[in-house]
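Reviewing the structure listed below.
Protein chains in written order, with the working numbering: chain U, 12 to 205; chain H, -14 to 75.
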């Protein structure tokens, strides 16, 4: 009854795509208009929090080594922390805009965790390539949430932040359990099942 | 053209552009899902459902992309466009 790992990646991709669209819409209309209806303020932080929550069963059931477990656990914690911090800001329980730095921390931790837990080289197979690419994407894109926290009115940070989630969603949708990358597949990776 | 009028025209144009971009996000996402399904039909197990397990039938990436685009367009965009127009009304 357990879903294959690639399906889990695709489900998370769907969550990230939704996140990207919410944030892109907020970047287009501006935070003031976005927050005119209270439920919209909670939309992306609660999606982020839920994604963090769902990362726990992934950590428990889908990790095959201590390194994998630590990486997925760190994601779960930081995604929940970032979602909770943004929820606190939206509700008004948290006052300091510096709480927005939690999502910057989540980006950095995610990037490092992706790079640390992928033991195979880039062109070993597609999932190895995507894990490296995802790790570097999060690290390179980390200035967007940082800028968003320190300079919330600059549209470039809000837009870059939103588009990062869309790009991450595309990468996660491209993930397969066992598939070639640019026509290459390591002979020790196994045989693609479909 | 007076400065005041020119500024009003610029604001209206910017507001219209925002509404168009906003209204296009959901359909563009759904269209991306449709194009993906056409380019890689094997990602749609509904087209060859015989012998497929639950997860292969429940989680079909192109359909998920279309679903996100449609739900976003139907549930989020209408209220947002309404609020944007109300905020930019003089």
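Backbone N, C-alpha and C define an ideal beta-carbon position, used for all residues, glycine too. In this text, all values refer to a predicted model and were calculated from it rather than measured experimentally.
Residue 195 (chain U) carries a strand assignment under DSSP once its states are collapsed to helix, strand and coil. DSSP places residue 134 (chain U) in the coil class of the three-state scheme, outside both helix and strand. When C-alpha distances from residue 144 (chain U) are compared across U:156, U:175 and U:170, the shortest belongs to U:175. The alpha carbon of residue 170 (chain U) has as its nearest neighbour, out of U:42, U:38 and U:119, the alpha carbon of U:38.
Interface with chain U (7 angstroms Cβ-Cβ cutoff): residue -1 (chain H) is excluded. Chain-order list of chain U residues neighbouring residue 36 (chain H): empty, with the shortest C-beta distance near 12 angstroms, by a criterion of under 9 angstroms. Note that the C-beta distance between residue 155 (chain U) and residue 172 (chain U) is below 7 angstroms. In the DSSP assignment, residue 63 (chain H) falls within the alpha helix (DSSP H) that extends over 62 to 73. Residue-level contact by beta carbon holds for residue 72 (chain H) and chain U, with a gap shorter than 7 angstroms. Only 40, 44, 46, 49 and 50 from the segment 25 to 50 of chain H bring a Cβ to less than 7 angstroms from some Cβ of chain U. In the structure shown, residue 122 (chain U) falls within a helical segment according to DSSP collapsed to helix, strand and coil. At a C-beta separation below 7 angstroms, residue 6 (chain H) has these neighbours in chain U: 39.
Rounded to whole angstroms, the gap between the alpha carbons of residue 9 (chain H) and residue 57 (chain H) is 11 angstroms.
By the C-beta density criterion, residue 115 (chain U) is buried, having at least 16 other C-beta atoms within 10 angstroms. A direct Cα-Cα distance of roughly 8 angstroms separates residue 152 (chain U) from residue 118 (chain U).
Taking 7 angstroms as the cut-off, the beta carbon of residue 63 (chain U) is found no closer than this to the beta carbon of residue 96 (chain U). In this structure residue 91 (chain U) is buried. Its beta-carbon is surrounded by 16 or more other beta-carbon atoms within 10 angstroms. Sequence-distant Cβ neighbours of residue 53 (chain H) in its own chain, meaning closer than 7 angstroms and more than five residues away, are 14.
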